[in-house]
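Here the structure is laid out as structure tokens; the discussion comes afterwards.
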Amino acid sequence: MTRLASIHPSPRHVVRLLDDFDLAGPNGTHKCLVFELLGPSIPETVDVHFPDGRLPGKLAKTIAKQALIGLDTLHQHNIGHGDIHTRNLAFTVPCVNNVSEEDFIKILGKPGIGHVRRSDGKDLEPGVPNYIVRPASYRSHF
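Going by my numbering, the first residue of the sequence shown is number 1, and it counts up by one from there.
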């Protein structure tokens, strides 16, 4: 890490915080963080592009180096990550930065919504959401 710190680049290996705000709801006030849009995670990429389930050595080393640079950037600002694993490491997709929301939905598809129901059929408790939005996936689009 010492050697890494001596060649430290700009914080381009850390997701950018675009906005933050408080949202008052039935379960209290929540801090909301808006980050830049990221692309697929490492496992998604491996599943699609590498049938043997492994990254090529050179690519794996590049990803590891970039992850360490990102962690070093966080640590220099006294921020600890606390949950580093491959599903929390994502590639950027610069081409989506200038795409309208409408075109982006055309690319990834309309978000799926699942209605929340109790298994016993009773009404939901106050503050429990009526639905959840399924996460988008780049799986079939890259």
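Cβ coordinates follow ideal geometry from the N, Cα and C atoms, glycine included.
Cross-strand partners of histidine 115 (DSSP beta bridge): The residue you call residue 115 lines up with position 115 of the sequence shown. BP columns for histidine 115 point to Tyr131.
Start-to-end residues for the beta strand (DSSP E) that takes in leucine 17: Mapped onto the sequence shown, residue 17 falls at position 17. Here the beta strand (DSSP E) through leucine 17 covers 17-25.
CB of glycine 39 within 8 Å of CB of threonine 73, strictly: Taking the first residue of the sequence shown as 1, we reach residue 39 at position 39. Taking the first residue of the sequence shown as 1, we reach residue 73 at position 73. In this structure, threonine 73 does not lie closer than 8 Å to glycine 39 by Cβ.
Collapsed DSSP secondary structure at glycine 39 in the structure displayed: On the sequence shown, residue 39 is found 39 positions in, with the first residue counted as 1. Here glycine 39 sits in coil by DSSP.
Expected contact under 8 Å - CB spacing of leucine 71 and histidine 81 to nearest Å: One-based indexing of the sequence shown puts residue 71 at position 71. One-based indexing of the sequence shown puts residue 81 at position 81. Contact holds; Cβ gap of about 6 Å.
Burial state of tyrosine 131 (16 or more Cβ within 10 Å): Taking the first residue of the sequence shown as position 1, residue 131 is located at position 131. With fewer than 16 Cβ atoms within 10 Å of its Cβ, tyrosine 131 is classed as exposed.
Spatial distance of arginine 117 from proline 135 (CA atoms): Here residue 117 is taken as the residue at index 117 of the sequence shown, counted from 1. Here residue 135 is taken as the residue at index 135 of the sequence shown, counted from 1. Rounded to the nearest angstrom, the two C-alpha atoms are 19 Å apart.
Candidates Leu59, Val133 and Val128: closest to glycine 28 by CA position: Here residue 28 refers to the residue found at position 28 of the sequence shown. Selection Leu59, Val133 and Val128 evaluated against glycine 28 yields Val128 as nearest (Cα-Cα).
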